[in-house]
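Asks: Could you have a look at this structure, given as structure tokens, before my questions?
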Amino acid sequence: MNGVYTIAGLLAEYTQGLRPRDVVARLRAALRADDPAWILRCDDAFVDAQLARLERHAPAELPLYGVPFAVKDNIDVQGLPTTAACPAYAYTAGVNASCVQRLLDAGAVLLGKTNLDQFATGLVGTRSPYGAVPNSFDPRYVSGGSSSGSASVVARGLVAFALGTDTAGSGRVPAGFNNIVGCKPTPGLVGARGVVPACATLDTVSVFALTAADAARVLALIEGGDEANVVAPAPPGPAAFPPALRVGVPQSPDLDGSLGYVAAFAQQLERITQLGAAIVPLDTAVLHDIAALLYDGPWVAERYVVVRDLLERQPDALDPIVRRVIAHARGIDAAKAFEGRYRLGALARQANALWERVDVLMLPTAPTLPTLAAVAEEPLLRNSELGRFTNFVNLLGWSALALPAAITPRGQPFGVTFVAPGGHDAALLRLGAQWQALLDLPLGAHLAPALPHELQPAAMPRCEPTVPIAVVGAHLEGQPLHGQLVERRARCVARTRTAPSYRLHALPDTTPPKPGLARVADREGHAIEVEVYEMPAQHVGSFLALIPPPLGLGSIELEDGRWVKGFICEPHALRGARDISAFGGWRGYLRSIA
48 MNGVYTIAGL LAEYTQGLRP RDVVARLRAA LRADDPAWIL RCDDAFVDAQ LARLERHAPA
108 ELPLYGVPFA VKDNIDVQGL PTTAACPAYA YTAGVNASCV QRLLDAGAVL LGKTNLDQFA
168 TGLVGTRSPY GAVPNSFDPR YVSGGSSSGS ASVVARGLVA FALGTDTAGS GRVPAGFNNI
228 VGCKPTPGLV GARGVVPACA TLDTVSVFAL TAADAARVLA LIEGGDEANV VAPAPPGPAA
288 FPPALRVGVP QSPDLDGSLG YVAAFAQQLE RITQLGAAIV PLDTAVLHDI AALLYDGPWV
348 AERYVVVRDL LERQPDALDP IVRRVIAHAR GIDAAKAFEG RYRLGALARQ ANALWERVDV
408 LMLPTAPTLP TLAAVAEEPL LRNSELGRFT NFVNLLGWSA LALPAAITPR GQPFGVTFVA
468 PGGHDAALLR LGAQWQALLD LPLGAHLAPA LPHELQPAAM PRCEPTVPIA VVGAHLEGQP
528 LHGQLVERRA RCVARTRTAP SYRLHALPDT TPPKPGLARV ADREGHAIEV EVYEMPAQHV
588 GSFLALIPPP LGLGSIELED GRWVKGFICE PHALRGARDI SAFGGWRGYL RSIA
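When the sequence shown is numbered by this note's numbering, its final residue is 641 and no position is left out of the sequence of numbers.
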């Protein structure tokens with residue numbers, strides 16, 4: 048049953064008569080008691096109660112009807128213990144985390160809570176008393192952390208998606224190591240109530256899924272902050288990146304050639320050009336300087352705030368490496384905290400200047416993939432290496448999406464991460480869906496390939512409001528005034544024609560030359576070539592101010608019956624103007640006089 052692993056595939060099967068009880072029973076039968084990816088598997092009564100509520104609805108009534116999922120065990124589920132991978136810290140949650148509640152309300156079925164690096168402190172997936180989570184492709188290697196268990200159960204098809212958290216890369220590194228999607232939203236976009244913080248000013252709930260389309264569907268349901276968020280998210284950005292995409296890549300990524308990562312990243316540089324992108328090599332030293340602040344700077348004190356009482360009262364309750372990392376905060380005073388903030392502010396100005404040159408960054412998700420033995424031998428060094436391309440993102444308030452990219456000749460996954468300014472979550476997920484359509488990879492750890500419909504986003508998180516505007520002359524792509532659209536981040540969404548009830552005229556004495564469009568009676572007009580652009584609503588006013596008389600913005604009917612805003616002309620200006628309707632559009636007319 049191909050598609051049963053993805054949300055899109057499951058929902059399609061349910062409409063054909065598949066029962067959630069059957070799916071859940073099969074998946075639960077595959078849950079091994081000795082699987083370190085799980086801290087808790089929901090018991091029969093808990094699962095049956097969810098299924099009973101679900102059976103009062105039809106599949107079409109709930110957006111995640113019968114979709115099995117898991118949550119990282121630093122996220123609260125009512126009636127279940129939250130351990131943060133520390134038994135001495137555990138408590139029974141009185142209410143669901145806001146993100147969990149929204150998923151349950153949408154019809155998703157929780158199967159369990161997953162393992163993590165204790166208190167979400169680590170990128171390796173080994174710092175847990177519940178065991179190290181092995182890589183789903185090769186158990187000699189790490190799974191990545193801290194959301195190790197969530198990534199593992201998604202990669203192996205035990206659930207359709209899972210929630211993790213991400214402060215320094217915990218929602219991206221495990222995705223890259225297990226050939227799945229890791230969506231790290233803009234900080235503050237998802238509610239923080241019911242989530243044990245690592246660094247409250249940086250954390251975000253993340254989504255693991257097999258496809259970007261599935262991740263988009265989940266994020267669209269859980270987005271929206273709550274009273275526990277200590278930072279406000281950036282305003283929603285565009286629905287998509289510009290067609291002429293500028294992709295920044297590191298000049299010197301310094302990847303592990305022995306694993307095949309150098310060749311794998313070079314292949315991805317070729318692949319991104321298939322989407323019409325231009326590659327822009329960048330000096331990313333400023334990003335690495337910012338990354339160093341996360342553990343060498345004062346932000347480790349935020350971790351100390353969470354576990355201070357336990358650390359001082361019962362230090363042996365903490366994993367030795369986690370204790371060592373967090374105890375470093377004892378030497379950080381208020382002066383150092385402010386120095387760190389000032390240092391970040393200076394570096395952030397340099398980092399944000401990169402967006403003047405590129406639209407998105409494409410980075411290796413991680414520079415190497417260590418073995419469990421290597422981490423055991425040098426736990427701090429091996430862990431710190433993995434954050435080179437992830438640690439800085441939340442410090443800057445940016446958004447990121449980790450995606451599968453290749454399977455190396457050694458049989459190990461290699462992933463890339465697209466990074467964008469805060470608020471660009473929808474644009475990243477749309478780009479991710481386009482990216483996955485180019486891949487020839489199995490889903491997860493050798494699961495079935497995705498069917499085409501499973502890669503198409505059915506829902507997206509919020510983006511900035513836009514206004515569709517049809518252009519007919521000097522603003523068409525390649526024409527003199529097209530730059531006015533580019534400057535306002537307008538995105539072409541259609542090349543089409545008007546309804547056959549318009550006439551086009553070449554206006555005399557205009558610079559640059561422009562046409563005038565006018566609606567006429569039925570049977571007297573022509574269908575005229577237009578391009579339709581989505582323009583951010585905030586820029587429509589400045590665009591309108593550039594339009595000279597006798598032109599203006601009005602409403603235009605397209606050949607499919609839709610009405611959009613577009614260029615129209617005052618009738619008096621058309622008297623004596625040459626009627627060029629027979630050419631079908633401005634470009635046809637220009638060709639005729641060339």
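Even for Gly, the Cβ is constructed at its ideal location relative to N, Cα and C. As the structure is a computational prediction, the values presented were derived from the model and not from experiment.
Roughly how many whole angstroms lie between the Cα atoms of residue 266 and residue 144?
Replies: 15 Å
Asks: Using 8 Å for Cβ pairs, my map puts residue 216 next to residue 170. What's the rounded Cβ distance?
Replies: Contact holds; Cβ gap of about 6 Å.
Asks: Whole beta strand (DSSP E) runs in the segment 79-105 with 3 or more residues, listed along the chain?
Replies: 85-88
Asks: Does the beta-carbon of residue 116 have 16 or more other beta-carbons within 10 angstroms, so that it is buried, or is it exposed?
Replies: So residue 116 ends up on the buried side.
Asks: Any idea if residue 181 is buried or exposed, counting beta-carbon neighbours within 10 angstroms, 16 or more meaning buried?
Replies: By the C-beta density criterion, residue 181 is buried, having at least 16 other C-beta atoms within 10 angstroms.
Asks: Specify whether the segment 600-609 and the segment 534-548 touch according to this definition: at least 3 beta carbon pairs, one from each stretch, less than 8 Å apart.
Replies: yes
Asks: Taking DSSP as the reference, what is the three-state secondary structure of residue 499?
Replies: helix
Asks: Do residue 301 and residue 451 come within 8 Å of each other at the CB atom, strictly closer than that value?
Replies: no
Asks: For residue 352, tell me which candidate among 244, 458 and 412 has the shortest Cα-Cα distance.
Replies: 244
Asks: Would DSSP call residue 387 helix, strand or coil?
Replies: helix
Asks: Beta strand (DSSP E) containing residue 305: first to last residue?
Replies: Neither: residue 305 is in no beta strand (DSSP E) and is coded neither H nor E.
Asks: Let's see if you can read the secondary structure: which residues bound the beta strand (DSSP E) around residue 230?
Replies: 228-231
Asks: Distance, Cα to Cα, residue 152 vs residue 136?
Replies: 29 Å
Asks: Output yes or no for whether 8 Å exceeds the beta carbon distance between residue 408 and residue 272.
Replies: In this structure, residue 408 sits away from residue 272, with a CB-CB distance that is not shorter than 8 Å.
Asks: Pairing CB atoms from the segment 118-129 with CB atoms from the segment 86-100, are three or more of them under 8 Å?
Replies: yes
Asks: Of all the beta strand (DSSP E) runs that stay within the bounds of the segment 99-175, which reach a length of 3 or more residues?
Replies: 115-119 and 156-161, all fully within the segment 99-175.
Asks: Going by C-alpha distance, which of 183, 57, 346 and 246 is nearest residue 156?
Replies: 57
Asks: Apply the 10 Å Cβ neighbour rule to residue 187 and answer buried if 16 or more other Cβ atoms are within range, or exposed otherwise.
Replies: Result: exposed.
Asks: Using CA coordinates, which residue listed in 540, 293 and 68 is at the minimum distance from residue 405?
Replies: 293
Asks: Roughly how many whole angstroms lie between the Cα atoms of residue 412 and residue 113?
Replies: 32 Å
Asks: I'd like to know whether the C-beta atoms of residue 224 and residue 583 end up nearer to each other than 8 Å.
Replies: no
Asks: Candidates 602, 580, 634 and 550: which alpha carbon is nearest residue 624's?
Replies: 550
Asks: So, with DSSP's three-state summary, where would you put residue 251?
Replies: strand
Asks: Roughly how many angstroms lie between the CA atoms of residue 201 and residue 65, to the nearest whole one?
Replies: 21 Å
Asks: I'd like to know whether the C-beta atoms of residue 511 and residue 285 end up nearer to each other than 8 Å.
Replies: yes
Asks: Roughly how many angstroms separate the alpha carbons of residue 263 and residue 237, rounded to a whole number?
Replies: 13 Å
Asks: Out of 472, 491 and 277, which has the shortest C-alpha to C-alpha gap to residue 458?
Replies: 491
Asks: Which of helix, strand or coil does DSSP assign to residue 445?
Replies: coil
Asks: Give the straight-line distance between the Cα atoms of residue 280 and residue 321, rounded to the nearest whole angstrom.
Replies: 32 Å
Asks: Just to confirm, are residue 249 and residue 337 a CB contact at a threshold of 8 Å?
Replies: no
Asks: Consult DSSP for residue 57 and reduce its assignment to one of helix, strand or coil.
Replies: helix
Asks: Can you tell me whether residue 360 is buried or exposed, with buried defined as 16 or more other CB within 10 angstroms of its CB?
Replies: exposed
Asks: Per DSSP, residue 270 is paired with what?
Replies: 237
Asks: Check whether the segment 474-491 touches the segment 434-442, counting contact only when three or more Cβ pairs, one atom from each stretch, lie closer than 8 Å.
Replies: Counting Cβ pairs under 8 Å, fewer than three are found: no touch.
Asks: My output table needs one value for residue 602: the three-state DSSP class, helix, strand or coil.
Replies: Note: residue 602 maps to strand in three-state DSSP.
Asks: Taking the CB atoms as reference points, tell me whether residue 519 and residue 614 lie closer together than 8 Å.
Replies: yes
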